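To convert, note that position 154 of the sequence shown is 154 in our numbering; the numbers rise steadily by one, no gaps. All residues carry an ideal CB built from backbone N, CA and C; glycine is no exception. Being a predicted model, the structure only gives us computed values, none of them experimental.
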Amino acid sequence: MFKYIHHPCLQVIEATLVGAATATVSFVMIYAMYTYDCQPIAEDPVKYPLQLFCPDGEYNAMATAFFNTPESSVRSLFHDPSGSYNPLTLGLFTLSYFILACWTYGLAVSSGIFIPSLLIGSAWGRLFGIFLSTVTRGSTWADPGKYALMGAAAQLGGIVRMTLSLTVIMVEATGNVTYGLPIMLVLMTAKIIGDFFIEGLYDIHIKLQSVPFLGWEPPGTSHSLTAREVMSYPVTCFKRLEKVGRIVEILSDTSTNHNGFPVPEEDNVGRLCGLILRSQLIVLLKHKVFVERANTNLTQRKLQLKDFRDAYPRFPPIQSIHVSQDEQNCTVDLTEFMNPTPYSVPGEASLPRAFRLFRALGLRHLVICNGSNKVIGIVTRKDLARYRLHKGQLEELEMAQT
């Protein structure tokens with residue numbers, strides 16, 4: 001619901017309602033199951049037993065799963081001996097916890113999906129292990145704890161779609177290298193099957209938030225599109241010697257949020273000769289690197305690379321830079337600070353080519369030029385990220401304003 005509820009008070013109320021619903025479901029499940037779910041505390045008891053509603057010498061398995069911390073519940077499902085959990089308990093717990101985890105993930109709180117996924121997977125994995133143990137009449141290889149581990153890996157791998165890194169995490173968590181191969185096979189199977197139906201949860205979340213995040217490969221049907229068709233135009237350009245007033249005016253324009261500005265030659269053709277970033281312009285204005293000040297008798301410290309590094313990554317906004325009326329008539333020489341060799345492609349370049357340039361080089365801007373190397377447009381990450389393949393056709397999405 002975070003996409004529709006934006007007011008802080010409503011977000012707090014929503015989190016309170018979800019918390020109340022979670023507590024209600026937990027108590028109802030525990031109270032409804034205690035007559036069937038009381039397990040005797042044997043010589044090898046569970047590590048964190050809870051007696052809730054059960055007689056002395058017994059513990060409530062459903063309460064143990066719900067009331068312990070998720071980390072303790074996962075550890076219990078991994079290491080508790082056979083017979084510690086009723087199959088009906090595990091089935092109801094898996095279903096209810098899965099629904100509550102999906103609901104909670106949509107809240108505007110700093111919650112994650114990592115531990116809940118492990119808990120859900122270990123619950124149905126242990127349930128599957130109990131089923132195999134029953135079918136095989138208690139074979140030693142059908143250990144519910146081992147299948148709980150495989151179920152946790154499958155659940156988490158199917159959600160986040162990681163293989164090698166998640167294998168290392170699971171092996172380090174168990175402290176047993178012998179589980180590395182089966183965990184890797186489980187994760188690869190979960191990823192292959194999951195990718196066949198839909199993308200991973202994080203990829204879906206990125207698209208819901210309209211974040212301009214590029215995938216690994218360009219959309220399959222994008223080869224017919226050219227850079228000219230996806231570029232933004234007209235392009236705001238700066239001259240080598242630019243008025244301070246014009247720089248402040250363009251950077252203060254709230255209707256646009258450009259971060260890169262081409263610098264063309266001051267001739268009849270206007271060939272591309274460089275690219276200057278918004279962050280660089282703000283540093284130049286902050287330190288008042290004006291041509292007129294350099295020509296006067298006023299001593300001015302030469303701007304160094306350290307000045308740009310000190311401002312990174314939180315460059316001050318243009319509203320915090322004070323420029324007087326007299327200073328707005330001054331000029332700034334961008335030649336020394338601009339990138340003299342920006343990446344550019346012709347307007348006839350295909351979208352996949354531009355896409356691969358962004359992915360391989362980590363670009364944020366790609367200048368589009370004509371045959372005379374004159375700037376005709378610019379492609380940003382948002383221009384490429386808004387295209388995706390949906391039901392065999394290329395569709396255009398709305399990107400978030402950042």
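Residues of its chain near residue i, where Cβ-Cβ distance is below 7 Å and the 5 sequence neighbours each way are ignored
| i | result |
| --- | --- |
| His223 | Ser350 and Pro352 |
| Ser111 | Thr104 and Tyr105 |
| Val25 | Ser96 and Leu100 |
| Val109 | Ala15 |
| Thr22 | Leu100 |
| Gly392 | Bear in mind that the predicted position of Gly392 carries a pLDDT of just 48, short of 50, making it too unreliable to give a figure here. |
Integer-rounded CB distance, given that residue j should sit under 8 Å from residue i
| i | j | result |
| --- | --- | --- |
| Gly274 | Val263 | 4 Å |
| Pro116 | Lys382 | Wrong, their Cβ atoms sit about 32 Å apart, outside the cutoff. |
| Leu90 | Ala123 | 5 Å |
| Gln328 | Gly245 | 4 Å |
| Phe196 | Leu149 | Contact flag wrong, Cβ pair sits at about 24 Å. |
| Leu201 | Val160 | 7 Å |
Reduced DSSP category for residue i - H, G, I as helix; E, B as strand; rest coil
| i | result |
| --- | --- |
| His7 | coil |
| Cys38 | strand |
| Tyr85 | coil |
| His205 | helix |
| Cys273 | strand |
| Thr331 | strand |
| His365 | strand |
| Thr226 | strand |
| Lys239 | coil |
| Pro424 | No answer is possible for residue 424: the residues shown for the chain start at 1 and end at 402. |
| Pro212 | coil |
| Pro144 | helix |
| Pro317 | coil |
| Ser252 | coil |
| Lys302 | coil |
| Thr402 | With a pLDDT of only 48 at Thr402, under the threshold of 50, the placement of this residue in the model should not be trusted; the figure read from the coordinates follows. Of the three classes helix, strand and coil, the one that applies to Thr402 here is coil, per DSSP. |
| Met162 | coil |
| Ser117 | helix |
| Lys288 | coil |
| Thr167 | helix |
| Tyr312 | coil |
| Ser324 | coil |
| Gln155 | helix |
| Phe67 | helix |
| Glu14 | helix |
Strand pairing of residue i, partner residues [DSSP]
| i | result |
| --- | --- |
| Thr341 | Answer by DSSP bridge pairing: none, since Thr341 is not bridged. |
| Gly175 | DSSP output for Gly175 lists no bridge partner at all. |
| Pro232 | The amino acid at residue 232 is misidentified as Pro; the sequence shows Ser. Ser232 pairs with Ile378. |
| Phe261 | Ile276 |
| Glu418 | Because the chain spans 1 through 402 in this model, residue 418 falls outside it and cannot be assessed. |
| Ser76 | Answer is none; Ser76 lacks a bridge partner. |
| Ser111 | None, per the DSSP bridge assignment. |
| Pro346 | Cys369 |
Cβ-based neighbour list, residue i, same chain, cut-off 8 Å, excluding 5 preceding and 5 following
| i | result |
| --- | --- |
| Asn370 | Pro346, Gly347 and Ile376 |
| Ala154 | Gly121, Gly125, Val186, Leu187, Thr189 and Ala190 |
| Tyr147 | Gly125, Arg126, Phe128, Gly129 and Leu132 |
Same chain, Cβ closer than 6 Å to residue i, five either side skipped, listed in chain order
| i | result |
| --- | --- |
| Val289 | Leu303 |
| Pro342 | Leu275 and Val367 |
| Lys306 | none |
| Leu10 | none |
| Val168 | none |
| Gly260 | Leu275, Leu277 and His365 |
### Query
So does the region 60-73 actually touch the region 128-144, counting three or more Cβ pairs closer than 8 Å?
no
### Message
Taking 8 Å as the cut-off, does the region 371-381 touch the region 307-318 (at least 3 CB pairs, one atom from each stretch)?
### Response
Under the 8 Å Cβ criterion, the region 307-318 does not count as touching the region 371-381, having fewer than three qualifying pairs.
### Query
Contact between the region 224-231 and the region 324-333: three or more CB pairs below 8 Å?
no
### Query
Does the pairing of the region 81-92 with the region 162-182 give three or more beta-carbon distances under 8 Å?
no
#### Entry: the region 165-179 / the region 192-200 touching (three or more Cβ pairs under 8 Å)
no
#### Entry: Stretch-stretch touch, CB-based, cutoff 8 Å, three pairs: the region 250-257 with the region 202-221
Contact between the region 250-257 and the region 202-221 is absent, with fewer than three C-beta pairs closer than 8 Å.
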